[in-house]
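Only one structure is covered here, and it is reproduced in the block below.
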Amino acid sequence: MPSEPAILCEPPMTITVASSDYTTTTQTPYSELVAKYTTQGPRYTSYPSALQFKQEFTDTNYRQHLDKAGNYAAPLSIYVHIPFCRWLCYYCGCNKIVTKNPNATRQYLDHLAIEIELLSKHICAPRKVSQLHFGGGTPTYLDDAELTELIHLLASHFNFEDSQQREYSIEIDPRTVDDRRLALLRGLGFNRLSFGIQDTDPQVQKAINRVQRTEQIFQLVDAARALRFNSISFNLIYGLPLQSCETLDRSLDDIIALQPDRISLYNYAHLPEHFPPQRAIERHTLPISDEKLAMILLANKRLSEAGYIYIGMDHFVRPTDELARCQKEGRLQRNFQGYSTRLAPDVLGIGVSAISSIGNCYAQNNKDLASYYQKLDAGQLPIDKGLVKTPEDELRAYVIMELACNLGVSAHAFLMKFKHSFWEKFADLLPTLREMQQDGLITISADGIVVSDVGRLMLRNVCMVFDQYLHNGTHSYSKTV
Ligand code: SF4
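In terms of UniProt numbering, the sequence shown has 359 at position 359, counting the first letter as 1, and numbering is strictly consecutive.
Structural data, given as structure tokens:
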């Protein structure tokens, strides 16, 4: 904003304070910042977030957008949702179906086949699929024959990229695979694995009803490396029942010894009124907020000492990982699977509850199997809701994604892209941004905004400043810190 350069360009104070392990750019202790900025907010896997999707957006609207974007030459990303799980994890807040019914998967695969056939008619044949992700639920709930069938189905309808650069990943529940199954997945073309670990402590595992032996995880990771999977990710959670700094410290010993390329460390949100499986967790077994704060500090310290870089929004990566390189080069992006390299601009979601991002629209499939099946049986795409981004949404999405991925936004790049002065456009946000600057989360200048190391830990709060849709409350979102 040209009228404010003197204040905006003010250099930040660099004073080492906070917990002994943390450096902030202010006098404010880290624990006070956490108390101040802990709220609920979107994870910004899209902007606007899925809560803004509207049911007025139908199958017909989606087909029009598919036809428009389907002709692009740019590569495509495909997400396939497999909703089934064999066992119920008590912390679960996902859209899943816990069943041991052997017929459930047959019916589901038959409907995926209809959906794939319908979608493929709108996607121009040469468009390469550079990214593929199987998520759930538990994708490895499918048996070998079913996984093979699904991959063949996709490969016969879409143009699979065959270079080494492609990123084909699958979420793994370690209880459902062995070395032989990993070899099958590699043979089917997957080159990335994402393991649901959560915690390696036996008592914590028992309390969340997800018991998986650590020796087995070591064996699977060894097998994955021998099979030359390009990348291994772990999902961990802190704030689980019976977890403490001591148990987490021991679990981190295991995790660091296993050396995954990427680690997602999520904050457990206990919301039994929204997620019925969580009723099985007794509240008194959960760590209190101070313990959770100590846990995240501990995890940050241990992982950074082990060489991991915190790229923001719960994600740690090794410095050699593609995501770290992309962040350095400004090529990181966020989509419904979290952070990703910018290989493909559009995501085609397939399966119950899957979300697509095509051109300037988002579309979400029905979340319940009955409606999903019914629409496909009637020859319709199973769209429940969606939205078309307005020019204002596009502009704010750009700023939020720049902050979330590249830890800053350039006023010049914004001007070049939108032909609008960044600081004139967002003049009303200056008081909030200045306060964040005083707290050491960001530096603001005529050149734009840069997120500090401490600001990375509160990245969602920084992004939320630019979110136009939070006036109706944030109670449906998870905690930001
Ligand atoms: S946490 Fe994952 S594996 Fe466990 S019940 Fe939920 S979706 Fe299934």
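Every residue, glycine too, gets a C-beta built ideally from N, C-alpha and C.
Inset, instruction - Would you mind sorting residue 115 into buried or exposed? The rule is 16 or more other CB atoms within 10 Å of its CB. - result: One-based indexing of the sequence shown puts residue 115 at position 115. Buried is the call here.
Legend entry - residue 228, buried or exposed, once every other Cβ within 10 Å from all chains shown has been counted against 16: Counted from its first residue, the sequence shown places residue 228 at position 228. So residue 228 ends up on the exposed side.
Legend entry - Boundaries of the alpha helix (DSSP H) in which residue 157 is found, first to last residue: Stepping through the sequence shown from its first residue, residue 157 is reached at position 157. That run of the alpha helix (DSSP H) goes 144 to 157.
Legend entry - Beta-ladder partner(s) of residue 485, from DSSP: Residue 485 lies beyond the stretch modelled for the chain, which goes from 1 to 481, so this question has no answer here.
Inset, instruction - Measure the C-alpha to C-alpha separation of residue 470 and residue 444 and round it to an integer number of angstroms. - result: Position 470 of the sequence shown, counting from 1, holds the residue named residue 470. Position 444 of the sequence shown, counting from 1, holds the residue named residue 444. Straight-line Cα distance between these residues: approximately 23 angstroms.
Inset, instruction - Put residue 114 into one of helix, strand or coil per three-state DSSP. - result: Position 114 of the sequence shown holds residue 114. The answer is helix: DSSP assigns residue 114 an H, G or I state.
Legend entry - Check whether residue 293 and residue 34 have beta carbons under 7 angstroms apart: Indexing the sequence shown from 1 puts residue 293 at position 293. Indexing the sequence shown from 1 puts residue 34 at position 34. Contact flag set, yes.
Legend entry - Reference residue 398; option with closest CA among 386, 377, 422: Your numbering for residue 398 matches position 398 in the sequence shown. With distances taken between CA atoms, residue 398 lies nearest to 422 out of 386, 377, 422.
Inset, instruction - Rank 409, 456, 419 by C-alpha distance to the C-alpha of residue 448 and give the top, closest one. - result: Position 448 of the sequence shown, counted from the start, is the residue given in the question as residue 448. Closest by alpha carbon: 409.
Inset, instruction - Please state if the CB of residue 387 and the CB of residue 57 are separated by a distance shorter than 7 angstroms. - result: The count along the sequence shown starts at 1 and reaches residue 57 at position 57. The count along the sequence shown starts at 1 and reaches residue 387 at position 387. Yes, Cβ-Cβ distance for residue 57 and residue 387 is below 7 angstroms.
Legend entry - Option nearest residue 258 by Cα separation, candidates 222, 167, 152, 270: What you label residue 258 is simply residue 258 of the sequence shown in a count that begins at 1. With distances taken between Cα atoms, residue 258 lies closest to 222.
Legend entry - Beta-carbon spacing of residue 440, residue 80 below 7 angstroms: The residue given as residue 440 occupies position 440 in the sequence shown. The residue given as residue 80 occupies position 80 in the sequence shown. Taking 7 angstroms as the Cβ cut-off, residue 440 and residue 80 do not qualify as a contacting pair.
Inset, instruction - Give the straight-line distance between the Cα atoms of residue 25 and residue 327, rounded to the nearest whole angstrom. - result: Within the sequence shown, residue 25 is the residue found at index 25, counting from 1. Within the sequence shown, residue 327 is the residue found at index 327, counting from 1. Note on residue 25: pLDDT 48, under 50, position unreliable in the model; the coordinate value appears next. Their backbone Cα atoms lie some 22 angstroms apart in a straight line.
Legend entry - Segment contact, 8 angstroms Cβ cut-off, at least three pairs: the region 167 to 176 with the region 184 to 194: yes
Legend entry - Three CB pairs or more closer than 8 angstroms across the region 329 to 345 and the region 276 to 295: no
Inset, instruction - Count the C-beta pairs between the region 155 to 166 and the region 117 to 136 that are closer than 8 angstroms, then say yes if the count reaches three, no if not. - result: yes
Legend entry - Near the ligand SF4: residue 94 beta-carbon under 6 angstroms from a heavy atom: For the purposes of this step, residue 94 is identified with residue 94 of the sequence shown, where counting begins at 1. At least one heavy atom of the ligand SF4 is nearer than 6 angstroms to the Cβ of residue 94, so yes.
Legend entry - Near the ligand ADP: residue 173 beta-carbon under 6 angstroms from a heavy atom: The ligand ADP is not part of the structure shown, which contains the ligand SF4 as its ligands.
Inset, instruction - Could you tell me if the beta carbon of residue 88 falls within a distance shorter than 6 angstroms of some heavy atom in the ligand SF4? - result: As a first step, residue 88 must be located in the sequence shown, where it is residue number 88. The ligand SF4 has a heavy atom closer than 6 angstroms to the beta-carbon of residue 88.
Inset, instruction - Kindly indicate which residue of 64, 356, 29, 419 has the alpha-carbon position closest to the one of residue 391. - result: Residue numbering aside, residue 391 sits at position 391 when the sequence shown is read from its first letter. Of the candidates 64, 356, 29, 419, the one whose C-alpha sits nearest the C-alpha of residue 391 is 419.
Inset, instruction - Could you please give me the residues that DSSP links to residue 370 through a beta bridge? - result: Here residue 370 corresponds to residue number 370 of the sequence shown, with the count starting at 1. According to DSSP, residue 370 bridges with nothing at all.
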